[in-house]
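Report on one structure; see the data block that follows.
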């Protein structure tokens, strides 16, 4: 079975302070992990991805995430929040399945609010 | 490089009507997946097409259908629309699709906002 849990549905930070969006996953196979961002009335944009190379992954707009297998986590961080970071963020896991296809599972999303 | 193009961007339909949405993937991408996004249910997988074949299907009624053409463009159709079908419909393309090793991720279009009245 495969699942993704985004531990916070809403996160609020002040501009200039660090951002932490938490994601835990479970998978029977070696997973690929992704973070996507969605601004209002837009599609989803890929922020970063982990595909079994370096465990610390750097993405666009200053975001990064660390794959921790022992903790089954893939938390998204940014040292300093900007107003433009206000959006909804989705953690996604992809791994093999018994049917032979890659199964893609989205988390329920975390809405990030940035306070000026 | 052009992104994923979805048309139309907005649509208003009446209950009982049918609707067709279109998606043009990134050039060279052979896989197109469709998702429904609503505030209550979040992102739900509809189906995936790869090389004109439906590869995976989510848990939606038969009123939801799709197809893919030889140029990888895809359409999804919803017949006998219900109020609950109001949603943002997102199309995503990828190079390998879920039949291969899905390590590139999706590129999403901006979506079609369907409102059923």
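Protein chains in written order, with my numbering: chain A, 1 to 116; chain B, 1001 to 1117.
From the three backbone atoms N, C-alpha and C, an ideal C-beta is built for every residue, glycine too.
Between the CA atoms of residue j and residue i - distance to the nearest angstrom
i	j	result
residue 92 (chain A)	residue 1065 (chain B)	25 Å
residue 107 (chain A)	residue 33 (chain A)	11 Å
residue 10 (chain A)	residue 1017 (chain B)	37 Å
residue 46 (chain A)	residue 1014 (chain B)	34 Å
residue 82 (chain A)	residue 1076 (chain B)	37 Å
residue 1063 (chain B)	residue 1069 (chain B)	20 Å
residue 7 (chain A)	residue 13 (chain A)	16 Å
residue 1020 (chain B)	residue 1036 (chain B)	14 Å
Beta bridge counterpart(s) of residue i as assigned by DSSP
i	result
residue 1056 (chain B)	B:1048
residue 24 (chain A)	A:5, A:73
residue 115 (chain A)	A:14
residue 108 (chain A)	In DSSP, residue 108 (chain A) forms no bridge with anything.
Assigned secondary structure, residue i (DSSP; H/G/I helix, E/B strand, else coil)
i	result
residue 41 (chain A)	coil
residue 1083 (chain B)	helix
residue 1066 (chain B)	strand
residue 1012 (chain B)	strand
residue 52 (chain A)	coil
residue 84 (chain A)	helix
Contact with chain A by residue i, beta-carbon distance below 8 Å
i	result
residue 1064 (chain B)	no
residue 1105 (chain B)	yes
residue 1114 (chain B)	no
residue 1090 (chain B)	yes
residue 1111 (chain B)	yes
Amino acids of chain A, ordered along the chain, whose beta-carbon sits closer than 7 Å to that of residue i
i	result
residue 1055 (chain B)	101
residue 1028 (chain B)	Simply none; closest approach about 17 Å.
Amino acids of chain A, ordered along the chain, whose beta-carbon sits closer than 9 Å to that of residue i
i	result
residue 1108 (chain B)	36, 38, 42, 43, 44, 45, 46
Proximal residues of chain B, C-beta to C-beta of residue i below 9 Å
i	result
residue 109 (chain A)	1042, 1043
residue 106 (chain A)	1035, 1042, 1043, 1044, 1045
Residue-level contact to chain B via CB, residue i, 8 Å cutoff
i	result
residue 49 (chain A)	yes
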